[in-house]
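Participant: Residue numbers (my numbering): 84 to 693.
Positions of the beta carbon are idealized from the N, C-alpha and C atoms, including for glycine.
Everything numeric in this text was worked out from a predicted model, so none of it was measured.
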Ligand code: F6R
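#1: What does a CB cutoff of less than 6 Å around residue 575 pick up in its chain, not counting 5 residues either side in sequence?
#2: The ligand F6R and residue 388: does the residue's C-beta get closer than 6 Å to at least one heavy atom of that ligand?
#3: Since residue 490 contacts residue 606 with CB under 8 Å, what's their CB separation in whole angstroms?
#4: When DSSP builds the beta bridges, which residues end up paired with residue 628?
#5: Identify, in the order they occur along the chain, each residue of the same chain with its Cβ nearer than 6 Å to the Cβ of residue 509, setting aside the five sequence neighbours on each side.
#6: Between the alpha carbons of residue 483 and residue 433, how many angstroms are there, rounded?
#7: Can we count residue 433 as close to the ligand F6R, meaning its CB is less than 6 Å from some heavy atom?
#8: Would residue 513 be called buried (16 or more neighbouring beta carbons within 10 Å of its own) or exposed?
#9: Taking only heavy atoms of the ligand F6R into account, decide whether any of them is closer than 6 Å to the Cβ of residue 485.
#10: Could you tell me the distance, in whole angstroms, from the CA atom of residue 206 to the CA atom of residue 195?
#11: Between the alpha carbons of residue 474 and residue 366, how many angstroms are there, rounded?
#12: Please tell me whether, using a cut-off of 6 Å, the distance from the CB of residue 101 to the nearest non-hydrogen atom of the ligand F6R is below it.
#13: Please report how far the alpha carbon of residue 112 lies from the alpha carbon of residue 275, in whole angstroms.
#14: Short of 8 Å in beta carbon distance, which residues of its chain neighbour residue 626, apart from the five on each side in sequence? Order them along the chain.
#15: Pull up the distance between the alpha-carbon of residue 383 and that of residue 191, whole angstroms please.
#16: Can you tell me which of 463, 436, 430 puts its alpha carbon nearest to the alpha carbon of residue 448?
#17: Determine the direct distance from the alpha carbon of residue 481 to that of residue 438, and round the result to whole angstroms.
#18: Who are the Cβ neighbours of residue 692 in its own chain at under 7 Å, not counting the five residues just before and after it?
#19: Quick check on residue 453: does DSSP put it in helix, strand or coil?
#20: Please classify residue 359: is it buried, with 16 or more other beta-carbons within 10 angstroms of its beta-carbon, or exposed?
#21: Evaluate the contact criterion for the stretch 110-130 versus the stretch 144-155: three or more CB pairs, one atom per stretch, below 8 Å.
#22: Just the C-alpha distance for residue 551 and residue 387, rounded to the nearest angstrom, thanks.
#23: Where in the stretch 151-190 do unbroken runs of the beta strand (DSSP E), each at least 3 residues long, occur, reported from the N-terminal end onward?
#24: Could you tell me the boundaries of the beta strand (DSSP E) in which residue 119 lies?
#25: Using a Cβ-Cβ cutoff of less than 8 Å, which residues in the same chain neighbour residue 93 once the five nearest sequence positions on both sides are dropped?
#26: I'd like the span of the alpha helix (DSSP H) that includes residue 372, first residue to last.
#27: What residue range is occupied by the uninterrupted beta strand (DSSP E) comprising residue 278?
#28: Does the Cβ of residue 180 have 16 or more other Cβ atoms within 10 Å, making it buried, or fewer, making it exposed?
#29: Under 8 Å: do the stretch 443-461 and the stretch 414-428 share three or more Cβ pairs, one atom per stretch?
#30: Just to confirm before moving on: does the CB-CB distance between residue 570 and residue 666 stay below 7 Å?
#31: Are three or more beta carbon pairs between the stretch 609-620 and the stretch 369-381 nearer than 8 Å?
#32: Please give the ranges of any alpha helix (DSSP H) in the stretch 339-391, keeping only runs that are unbroken, at least 4 residues long and fully inside the region.
#33: Can you determine whether any heavy atom of the ligand F6R sits closer than 6 Å to the C-beta of residue 659, and answer yes or no?
#34: Straight-line CA distance for residue 460 to residue 485?
#35: For residue 399, name the three-state secondary structure that DSSP assigns.
#36: Looking only at its chain, what residues have a beta carbon closer than 6 Å to the beta carbon of residue 280, apart from the 5 residues adjacent to it on each side?
Below, the structure is given as structure tokens:
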């Protein structure tokens with residue numbers, strides 16, 4: 084959604100805010116702004132623009148506001164168009180209270196009406212603007228008390244950072260259903276939507292919990308619940324470096340992150356899988372007895388994470404013989420879920436902050452189900468809300484399109500399936516060993532695949548003129564096909580659909596002709612021959628076919644228009660390799676079309692509102 088940052092310390096705030104906003108831009112980028120104040124100032128200097136952070140930085144360079152207290156915001160519009168007036172920060176009538184916000188205030192209309200009735204004048208169409216006015220409304224000489232009062236009246240989701248000119252020694256943050264972290268430096272403090280924005284300054288980070296508020300002064304942060312009850316702060320030491328959140332010479336974060344896949348796969352496996360196929364998760368350990376008593380696994384996710392869930396569903400049923408079902412979290416949350424104490428709910432979320440998935444996880448756990456979050460972000464809401472977490476350990480992912488974390492999700496779900504399979508004694512020791520070897524060879528196999536990138540770029544160049552694509556796969560290659568199509572559409576804006584090979588004949592095939600190519604995932608699988616059959620069907624209808632095949636497989640030569648070869652391995656590892664190949668294909672096709680790969684239109688990395 085939006086990215087927010089605040090600074091209180093001894094250095095100039097504006098450069099810190101600019102730097103942080105640049106790193107937060109993946110969260111939203113249709114307008115941006117900062118407010119900075121120096122001690123004793125009568126007004127805060129506010130600079131805003133209805134464009135990307137880069138333009139704001141240009142504006143600031145010519146007119147840098149002075150002061151060591153400030154807030155900044157990069158916006159992904161929900162209420163109100165991306166205009167300068169709607170850009171954050173927002174202030175009250177007296178321009179003394181300044182607020183930046185990520186989230187949605189659901190009851191803003193009624194609050195606005197009430198405040199307007201009391202004489203407050205609004206300048207923007209945003210939901211956020213009610214916050215400074217509400218604080219002003221409740222202000223009786225104590226900014227923190229007024230803020231607490233105001234927060235008590237808000238419904239919806241918010242991460243807020245704010246200050247008041249009347250108490251410029253304070254920076255206040257609060258969160259409800261949206262992430263917020265506090266960076267603890269030497270005599271300086273940062274509040275931000277995520278760690279990447281502040282890790283260049285400090286690796287000591289306090290993760291604000293759900294429904295908590297932080298008041299920062301030069302003496303440090305004080306954390307309380309929203310109604311003022313003291314809370315023991317949770318401080319983490321960040322074990323990754325700012326260079327991991329920078330492009331390191333790659334033209335785009337997306338490409339850099341695809342190239343980090345071998346390490347991401349290795350990190351997801353690290354310390355968890357031995358040669359015999361035994362799996363151990365440190366943050367989520369259940370005894371075999373409990374695993375044997377499970378009757379069902381429900382996997383919840385959105386977008387790319389839903390595709391990972393579909394792959395998880397497949398291997399949990401196939402390997403562990405346990406009923407599994409992947410579901411769109413946004414649909415699940417509005418049903419009356421039929422789950423119970425013998426169900427395991429797996430929330431799949433890179434960010435750990437996707438609103439629909441978090442609410443769905445809570446709804447599932449409320450039925451008595453055991454919940455585990457498979458997430459990349461330590462201390463994220465999903466991780467905290469669940470009974471346990473399986474961390475991807477993939478390092479920060481900045482590109483809006485998920486790439487290396489999709490692979491880390493697949494690997495983690497394979498491990499979960501293997502853990503369930505061994506506990507339930509559903510897999511022979513030989514098969515366990517074979518799978519372990521297949522998974523352990525993944526990092527090298529991905530490296531091998533990445534070495535073939537120029538050929539994939541050539542194919543992307545060749546297919547860049549088409550306006551429609553159909554991705555087809557079966558078995559584990561079905562979610563791979565769905566994800567391949569999603570990757571292409573989100574960064575190239577070219578229409579792409581994914582379908583199962585079986586479903587193809589039930590409708591989608593009607594779309595195909597010489598202008599509508601098919602990307603067929605025909606890699607190792609017990610149902611590979613069936614997908615090969617699909618290729619023959621669509622070729623007979625004149626559609627060009629790009630077939631993803633295992634190295635050395637010549638069976639589709641002369642049938643498919645082009646072959647994209649991936650290293651030869653088993654079905655599970657092939658699904659990973661085919662996914663990486665299709666990520667590269669989408670990447671190069673989007674670059675060929677001149678798209679802004681890291682910041683695709685209308686999208687945001689982390690969808691923290693419904
Ligand atoms: C697509 C993409 C999105 C996310 C989805 C869920 O490339 O990144 O579809 O997968 O918004 O996000 P998380 O995994 O953070 O819950």
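Facilitator: Working from what's here:
#1: Indexing the chain shown from 1 puts residue 575 at position 492. So the list reads 672, 673, 676, 678, once near-sequence residues are dropped.
#2: Along the chain shown, one-based indexing puts residue 388 at 305. Result yes, Cβ under 6 Å from the ligand F6R.
#3: Counted from its first residue, the chain shown places residue 490 at position 407. Counted from its first residue, the chain shown places residue 606 at position 523. Incorrect: roughly 15 Å between the Cβ atoms, too far for contact.
#4: To locate residue 628, count along the chain shown from 1; it is residue 545. Answer is 601, bridged to residue 628.
#5: For this step, residue 509 is matched to residue 426 along the chain shown. These residues qualify, in order along the chain: 403, 404.
#6: Residue numbering aside, residue 483 sits at position 400 when the chain shown is read from its first letter. Residue numbering aside, residue 433 sits at position 350 when the chain shown is read from its first letter. Computed Cα separation, rounded: 11 Å.
#7: In the chain shown, residue 433 corresponds to position 350, counting from 1. Checking the Cβ of residue 433 against the ligand F6R gives yes.
#8: Residue mapping note: residue 513 aligns to position 430 of the chain shown, counting from 1. With fewer than 16 other Cβ atoms within 10 Å, it is exposed.
#9: Translated into positions along the chain shown, residue 485 becomes position 402. Yes, since a heavy atom of the ligand F6R falls inside the 6 Å radius drawn around the Cβ of residue 485.
#10: Along the chain shown, one-based indexing puts residue 206 at 123. Along the chain shown, one-based indexing puts residue 195 at 112. About 11 Å.
#11: As a working note, residue 474 is residue 391 in the chain shown. As a working note, residue 366 is residue 283 in the chain shown. When rounded, the distance between both Cα atoms is 8 Å.
#12: For this step, residue 101 is matched to residue 18 along the chain shown. Checking every heavy atom of the ligand F6R against the Cβ of residue 101, none is found closer than 6 Å.
#13: Reading the chain shown from its first residue, position 29 is the one you call residue 112. Reading the chain shown from its first residue, position 192 is the one you call residue 275. About 16 Å.
#14: Here residue 626 refers to the residue found at position 543 when the chain shown is read from its first residue. Cβ within range, chain order: 553, 595, 596, 597, 599, 600, 601.
#15: To locate residue 383, count along the chain shown from 1; it is residue 300. To locate residue 191, count along the chain shown from 1; it is residue 108. Each residue's alpha carbon lies about 30 Å from the other.
#16: Along the chain shown, read from residue 1 onward, the residue named residue 448 stands at position 365. Considering only alpha carbons, the answer is 430.
#17: The sequence position of residue 438 within the chain shown is 355, counting from 1. The sequence position of residue 481 within the chain shown is 398, counting from 1. Their backbone Cα atoms lie some 19 Å apart in a straight line.
#18: Within the chain shown, the letter at position 609 stands for residue 692. Closer than 7 Å at the Cβ level, and outside the excluded window around residue 692, lie 84, 161, 186, 187, 240, 438.
#19: Locating residue 453 in the chain shown gives position 370, where the first residue counts as 1. Looking at residue 453 - three-state DSSP - the assignment turns out to be strand.
#20: Reading the chain shown from its first residue, position 276 is the one you call residue 359. The residue in question, residue 359, is exposed, as its Cβ has fewer than 16 Cβ neighbours within 10 Å.
#21: yes
#22: Sequence index remark: in the chain shown, residue 551 carries index 468 (1-based). Sequence index remark: in the chain shown, residue 387 carries index 304 (1-based). Their backbone Cα atoms lie some 20 Å apart in a straight line.
#23: 152-158, 180-188
#24: What you label residue 119 is simply residue 36 of the chain shown in a count that begins at 1. Run containing residue 119: 114-120, per the beta strand (DSSP E) assignment.
#25: Here residue 93 is taken as the residue at index 10 of the chain shown, counted from 1. Cβ neighbours of residue 93 beyond the five flanking positions: 151, 270, 271.
#26: Along the chain shown, read from residue 1 onward, the residue named residue 372 stands at position 289. Residue 372 -> alpha helix (DSSP H) spans 371-376.
#27: Reading the chain shown from its first residue, position 195 is the one you call residue 278. Per DSSP, residue 278 belongs to no beta strand (DSSP E) and is neither H nor E.
#28: Translated into the one-based positions of the chain shown, residue 180 becomes position 97. Buried, because 16 or more other Cβ atoms sit within 10 Å of the Cβ of residue 180.
#29: yes
#30: The residue labelled residue 570 in the question sits at position 487 within the chain shown. The residue labelled residue 666 in the question sits at position 583 within the chain shown. Yes; because the gap between Cβ atoms is below 7 Å, this pair is in contact.
#31: no
#32: 344-352, 371-376
#33: As a position in the chain shown, residue 659 is number 576, starting the count at 1. Incorrect: residue 659 has no Cβ contact closer than 6 Å to the ligand F6R.
#34: Working through the chain shown from its first residue, we reach residue 460 at position 377. Working through the chain shown from its first residue, we reach residue 485 at position 402. Straight-line Cα distance between these residues: approximately 14 Å.
#35: For the purposes of this step, residue 399 is taken as residue 316 along the chain shown, with counting starting at 1. Helix, per DSSP.
#36: Reading the chain shown from its first residue, position 197 is the one you call residue 280. Same-chain partners within the cutoff: 88, 103, 106, 107.
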